[in-house]
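Novice: Per the working numbering, the sequence shown starts with residue 52, numbered consecutively.
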Amino acid sequence: MGDSGVGKTKLLERFVYGTFVTESKLTIGVDTACKSVDLGLDAETERLKCQFWDTAGLERFRAISMAYYSGANGAFLVYDITRAATLANLDKWITDLVQRADKSIVLMLVGNKSDLEAERQVSQQDGMDFAEKHNMCAFFETSARNSTNVEFAFQSMAQDVYKVASSAVSREDDERRDREGDGDGATEREEAEDERPIRLAAAIDAYLTTSGSGCC
Ligand SMILES: Nc1nc2c(ncn2[C@@H]2O[C@H](COP(=O)(O)OP(=O)(O)O)[C@@H](O)[C@H]2O)c(=O)[nH]1
Ligand SMILES: [Mg+2]
Numbered sequence: 052m053g054d055s056g057v058g059k060t061k062l063l064e065r066f067v068y069g070t071f072v073t074e075s076k077l078t079i080g081v082d083t084a085c086k087s088v089d090l091g092l093d094a095e096t097e098r099l100k101c102q103f104w105d106t107a108g109l110e111r112f113r114a115i116s117m118a119y120y121s122g123a124n125g126a127f128l129v130y131d132i133t134r135a136a137t138l139a140n141l142d143k144w145i146t147d148l149v150q151r152a153d154k155s156i157v158l159m160l161v162g163n164k165s166d167l168e169a170e171r172q173v174s175q176q177d178g179m180d181f182a183e184k185h186n187m188c189a190f191f192e193t194s195a196r197n198s199t200n201v202e203f204a205f206q207s208m209a210q211d212v213y214k215v216a217s218s219a220v221s222r223e224d225d226e227r228r229d230r231e232g233d234g235d236g237a238t239e240r241e242e243a244e245d246e247r248p249i250r251l252a253a254a255i256d257a258y259l260t261t262s263g264s265g266c267c
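#1: Cα separation between residue 243 and residue 215?
#2: Once the 5 residues before and after residue 194 are set aside, which same chain residues still bring their CB inside 6 angstroms of it?
#3: Classify residue 138 as helix, strand or coil using the three-state DSSP reduction.
#4: Flag this pair as yes or no: are the beta carbons of residue 232 and residue 192 separated by less than 8 angstroms?
#5: Please return the same chain residues whose Cβ sits closer than 8 angstroms to the Cβ of residue 123, not counting the five positions on each side in sequence.
#6: If I measure Cβ to Cβ from residue 82 and keep anything under 6 angstroms in the same chain, skipping five residues before and after, which residues do I get?
#7: Given this structure, state the Cα-to-Cα distance separating residue 69 from residue 170, to the nearest angstrom.
#8: With distances taken Cα to Cα, identify the nearest neighbour of residue 52 among 160, 209, 175 and 74.
#9: In terms of residues, what are the limits of the beta strand (DSSP E) holding residue 196?
#10: Leaving aside the five residues before and after residue 147 along the sequence, list all residues of the same chain whose C-beta is less than 6 angstroms from its C-beta, in chain order.
#11: Would you check whether ligand 1 has a heavy atom nearer than 7 angstroms to the C-beta of residue 128?
#12: Strictly under 8 angstroms for the Cβ-Cβ distance: is residue 194 near chain D by that measure?
#13: Using the Cβ count rule (16 or more neighbours within 10 Å means buried), how would you classify residue 61?
#14: For residue 127, which beta-bridge partners are listed by DSSP?
#15: Can you list, in chain order, every residue whose CB sits closer than 6 angstroms to a heavy atom of ligand 1?
#16: I need the straight-line Cα distance from residue 65 to residue 139, nearest angstrom please.
#17: Find out if the Cβ-Cβ distance for the pair residue 63, residue 213 is shorter than 8 angstroms.
#18: Considering only C-alpha positions, which residue in the set 205, 114, 226 and 230 is nearest to residue 98?
#19: Does the Cβ of residue 105 lie closer than 7 angstroms to at least one heavy atom of ligand 2?
#20: In this structure, how does DSSP classify residue 67 when only helix, strand and coil are distinguished?
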């Protein structure tokens, strides 16, 4: 998600179809695409079949996009490194997410159009600070035009979504074993929690604190 024109559709097309066509069509509502992503973990769980929802950035489609947040396992928050306002506007998208998304959603920040270095308005440090402020799992600068970091960003998302989903499954197993008095599920669970990436619960706290609505 992110403002219109930051390159959301081009990033998805680059990743799924390996193409970059300069002309751009406005995304109306939501488009979808599927791809099996190599997790690079182990033989048994090598690939994860992912469905991607490409949302529209225009205000008039905002309500349609919001309807898709509740089913999402992960979200890329995308801005354009040549337009500083697109980073600041991500606060608005985070507000929408807080209202609708599952608390276990994996959030990653993407600064796109890194090939346009001469027109850069947002430094890498500013991107990093924004990601840290909102406790996101990762920050990447990408270029859909020349492919920089695109594969890496999508693979990282698939890996983190997979880790969150597997730790939820092991947590349920631990709880069942605890209930049945069999094994030390709680200890195993605490260890698994340490390995989980930072999740939206933390991002919500950070957002409420920085926007001032969290106090008193
Ligand atoms: N130079 C450059 N242009 C890009 C890049 N990604 C997208 N664009 C251009 O930015 C415009 C908007 O892209 P689009 O994917 O439709 O944006 P969306 O509204 O966020 O889906 C198009 O003209 C693209 O050609 C990129 O990585 N580098
Ligand atoms: Mg689009």
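Where a beta carbon is used, it is the ideal one built from N, C-alpha and C, also for glycine. What you are looking at is a predicted structure, and each value in this text was computed from that prediction instead of being measured.
Specialist: In short:
#1: Here residue 243 scores only 46 on pLDDT, less than 50, and its place in the model should not be relied on; the value that follows carries that caveat. Using only the alpha carbons, I get a separation of about 10 angstroms.
#2: 165 and 166
#3: helix
#4: no
#5: 104, 152, 153 and 156
#6: 105
#7: 25 angstroms
#8: 160
#9: Taken as a continuous stretch (DSSP letters only), residue 196 belongs to no beta strand (DSSP E), as it is neither H nor E.
#10: 117
#11: no
#12: Reference to chain D is not applicable here, since this structure consists of a single protein chain.
#13: buried
#14: 159
#15: 55, 56, 57, 58, 59, 60, 61, 73, 75, 78, 108, 163, 164, 166, 167, 194, 195 and 196
#16: 25 angstroms
#17: no
#18: 205
#19: yes
#20: helix
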